[in-house]
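Written below as structure tokens is the structure these notes are about.
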Amino acid sequence: MSRLKRKKPLPIVLSISGSDPSGGAGIEADLKTFHRHGVHGVAIPTLLTAQNTVGVRKVRFLDPDFVEEQWRVIFADFRPKAIKLGALGSRSMVLRIAKLLERKEAAGIPVVLDPVMGSTSGAVLLESSALSILKNRVFPRCHVITPNAGEFSVLSGKKIDMQNAEAVLRTFGKDKPYAILLKGGHLAGTESVDMLCQHGKLSRFGGKRLPVHAHGTGCVLASSIAANLALGRSLPAACRQAKVFVHRALTSSFKLGEGRNVLNLWA
């Protein structure tokens with residue numbers, strides 16, 4: 014019985030993202046990641062997908078009104094210590110999320126945004142018309158955004174490679190009220206180096222590049238960062254620990270279906 018007694022309540026982390034019925038990405042992966050970090054996860058889906066380890070077959074955007082109703086119910090009962098945003102889908106959804114983040118109940122809660130634009134198999138997970146709202150209304154409400162090289166190329170307007178990544182990151186991040194963690198998984202090199210630009214300061218988190226293709230690494234990284242922030246860690250420490258967590262899960266990932274590996278979150 015003593016195991017059921019806690020001196021402090023579990024930190025709560027809210028994921029707002031798409032749903033992956035195969036469990037490898039989206040809110041399903043987020044909730045498992047939260048549990049693995051010892052925090053209580055709650056989730057609001059923004060879109061539904063028909064997908065498996067091979068790819069995304071179909072996407073259905075959800076009604077922003079119903080998402081707002083879920084938000085109201087969650088915040089009526091819980092006080093999240095962090096929010097993780099993932100695939101948001103439609104322009105109307107991004108606009109609604111921006112308005113929700115501007116509400117008083119969201120004040121002071123660190124927001125981690127994985128700016129998902131599309132799946133590896135080519136499915137659209139963010140309408141192009143939503144990008145300007147995302148950048149101008151949602152980004153300023155975030156503690157950190159976590160783009161990969163392709164997403165950062167779209168955001169910065171410059172093709173990102175190993176040679177210019179640091180310079181473009183410094184320029185883009187200058188005077189921004191939020192931090193940027195540029196993930197190195199899609200860049201060349203024997204090492205996968207993530208770079209964090211925060212208040213003009215650059216931090217690097219390296220790891221050996223693995224010859225493994227797995228499903229949901231970006232989702233898990235962002236949700237791990239959010240969980241670590243909810244536990245009171247600094248942003249650099251949260252990013253560093255999330256990098257280690259994903260690397261360990263990727264190293265021991267396994268094949269369940271016909272496509273990409275599934276991350277082993279219990280490694």
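Here the working numbering is used: the first residue of the sequence shown is 14, the next is one more, and so on.
Yeah, the Cβ is synthetic: ideal placement off N, Cα and C, and Gly gets one too.
Given the structure is predicted, the values throughout are model-derived calculations rather than measurements.
Of the residues the options, the one placed nearest residue i, counting alpha carbons only
| i | options | result |
| --- | --- | --- |
| C49 | G170, V26, L75 and Q176 | Going by the sequence as given, residue 49 is Arg instead of Cys. Closest by alpha carbon: V26. |
| S103 | I122, D76 and K117 | D76 |
| L209 | A235, A227 and V52 | A235 |
| V80 | V69, K71, R70 and T59 | T59 |
| P153 | S169, D188, P93 and P224 | D188 |
| G31 | E271, V257, D127 and L276 | D127 |
| V167 | L248, A38 and V129 | V129 |
| R85 | E118, A63 and G54 | E118 |
| A95 | F74, V259, T264 and A251 | A251 |
| L276 | G39, P24, S28 and I29 | G39 |
| S216 | V233, S237 and L182 | L182 |
Beta-carbon proximity check, residue i vs residue j, cutoff 9 Å
| i | j | result |
| --- | --- | --- |
| G213 | V206 | no |
| T66 | R261 | no |
| L194 | M175 | no |
| G163 | A42 | no |
| N161 | G231 | yes |
| K341 | A255 | The chain is shown only over 14 to 280; residue 341 falls outside these bounds and no answer can be derived. |
| L269 | V225 | no |
| E204 | G219 | yes |
| T62 | A111 | no |
| A243 | P22 | no |
| V233 | F267 | no |
| Q64 | R73 | no |
Cα-Cα separation, residue i to residue j
| i | j | result |
| --- | --- | --- |
| I87 | R246 | 24 Å |
| T46 | V52 | 9 Å |
| F165 | P123 | 21 Å |
| A143 | E115 | 17 Å |
| M14 | G54 | Unreliable placement is indicated for M14, whose pLDDT of 40 sits below 50; the coordinate value is still reported in the next sentence. Their backbone Cα atoms lie some 23 Å apart in a straight line. |
| A227 | P249 | 25 Å |
| S10 | I57 | Lying before the first or after the last residue shown, residue 10 is absent from the chain, which here runs from 14 to 280. |
| Q83 | T184 | 38 Å |
| S265 | K221 | 14 Å |
| G121 | W279 | 31 Å |
| T133 | P24 | 32 Å |
| R150 | L113 | 11 Å |
| E179 | A89 | 42 Å |
| I173 | D78 | 37 Å |
| D33 | S141 | 22 Å |
| N177 | S169 | 12 Å |
| S105 | N241 | 30 Å |
Beta-carbon separation (whole angstroms), residue i vs residue j, contact threshold 8 Å
| i | j | result |
| --- | --- | --- |
| L108 | I158 | Not quite, the Cβ-Cβ distance comes to about 18 Å (not below 8 Å), so this is no contact. |
Own chain, CB closer than 8 Å to residue i, minus 5 neighbours either side, in chain order
| i | result |
| --- | --- |
| L139 | A100, L101, G102, V107, P128, V129, M130, G131 and L147 |
Near the ligand SAH: residue i beta-carbon under 8 Å from a heavy atom
| i | result |
| --- | --- |
| P128 | The ligand SAH is not among the ligands present in this structure, which contains no ligands whatsoever. |
Neighbourhood of residue i by C-beta, 6 Å cutoff - its chain only, sequence neighbours within 5 removed
| i | result |
| --- | --- |
| C155 | V124, L126 and Y191 |
| L223 | L263 |
| K171 | V181 |
| S237 | T46, A255 and F258 |
| S28 | I40, D43, A56 and K97 |
| G37 | H228, G229 and V275 |
Same chain only: Cβ atoms within 7 Å of residue i, ignoring 5 sequence neighbours per side
| i | result |
| --- | --- |
| R253 | F218 |
| Q211 | A192 and L248 |
| E271 | T66 and V67 |
| F91 | I25 and V55 |
Chain C within 9 Å of residue i, Cβ atoms only
| i | result |
| --- | --- |
| Q211 | Among the chains in the structure shown there is no chain C, since it carries only a single protein chain. |
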